[in-house]
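In the UniProt record's numbering, the protein residues as written are 1 to 114.
Even glycine gets a Cβ: it sits at the ideal position worked out from N, Cα and C.
Reviewing the structure listed below.
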């Protein structure tokens, strides 16, 4: 399945890869949720907006923190390439609709690594 995703990511414009479903989830949200790390990486390298929020106000980073996915958190917060350095900066103050930032979620989960 990831090989099909890579073909789609390579051929589709960023605007299409940022479409949101009825739950306002993007392909990036779904890739994080399914822990498809290579797909997450490919979407980030393609330049999708990592700050888009789902119906609960969660960004992909909020979901990664909720799932305690260290690999996804690192992909979303650390530059993957030189080109990615400016794009990777996340708004760590961004709150979901419950008023929680990613740091709040990590604290509630008790995960000191994230």
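The alpha helix (DSSP H) with residue 71 in it runs from where to where?
70-77
From residue 102 to residue 22, what distance separates their C-alpha atoms?
For residue 102 and residue 22, the distance between alpha carbons rounds to 23 Å.
Could you pull out every residue in the same chain whose Cβ sits closer than 8 Å to the Cβ of residue 109, ignoring the five residues on either side in sequence?
65, 66 and 68
Could you round the C-beta distance between residue 29 and residue 60 to whole angstroms and report it? I think they count as a contact, below 8 Å.
Sure, about 5 Å apart at Cβ, within 8 Å.
Kindly indicate which three-state DSSP category residue 10 falls into: helix, strand or coil?
helix
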